[in-house]
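For reference, the structure is listed below as structure tokens.
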Amino acid sequence: MKKTLSLSPENGETLEGFLEYHRRVLGGKLRGLSEEDARRRLVPSLTTMLGLVSHAAAVERNWFQHYLGGPAGPRLAALNRSR
């Protein structure tokens with residue numbers, strides 16, 4: 231079932247602000263890292279910085295598709311299962 235979302239101009243600006251903030255924070259965590267460091271696993275869950283970027287992009291894409299563009303399908307679940 232598709233959820234409906236009504237974004238007023240103020241709410242849209244707030245959403246955009248949060249997205250930009252979190253994108254900047256995540257990008258800042260990667261700044262200066264080599265590709266090897268970005269792929270390095272530092273915790274038991276096998277999470278990497280590059281994996282966090284991939285996950286954040288997939289979640290954002292899924293959210294926009296679901297709330298603004300129609301059904302997203304199982305792509306996010308499949309992406310998370312493949313890790």
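Residues in the sequence shown are numbered consecutively from 231, following my numbering. Here a beta-carbon is modelled for each residue, glycine too, at the ideal position from N, C-alpha and C. This one's a predicted model, so the numbers in the text were calculated from it and none came from an experiment.
Discussion item. How far does the alpha helix (DSSP H) with T244 in it extend, from its first residue to its last?
Written reply: The residue given as residue 244 occupies position 14 in the sequence shown. Segment P239 to L260, the alpha helix (DSSP H) holding T244.
Discussion item. Need the endpoints of the alpha helix (DSSP H) that R269 sits in, please.
Written reply: For the purposes of this step, residue 269 is taken as the residue at position 39 of the sequence shown. Unbroken alpha helix (DSSP H) run through R269: E265 to R269.
Discussion item. If distances are taken between C-alpha atoms only, which option among R291, T278 and A286 comes closest to L253?
Written reply: Here residue 253 refers to the residue found at position 23 of the sequence shown. Checking the sequence, you will find Arg at residue 253 rather than Leu. With distances taken between Cα atoms, R253 lies closest to A286.
Item to complete: Since I believe T278 is in contact with A268 (beta carbons under 8 Å), could you give me their beta-carbon distance rounded to a whole number of angstroms?
Response: Residue mapping note: residue 268 aligns to position 38 of the sequence shown, counting from 1. Residue mapping note: residue 278 aligns to position 48 of the sequence shown, counting from 1. Rounded, the Cβ-Cβ distance is 7 Å, consistent with contact.
Worksheet item: V283 by DSSP, collapsed to three states: which one?
Response: Position 53 of the sequence shown, counted from the start, is the residue given in the question as residue 283. Reduced to three states, the DSSP call for V283 is helix.
Worksheet item: In whole angstroms, what is the alpha-carbon distance linking R291 and V283?
Response: Taking the sequence shown and counting its residues from 1, one reaches residue 291 at position 61. Taking the sequence shown and counting its residues from 1, one reaches residue 283 at position 53. Roughly 12 Å between the two C-alpha positions.
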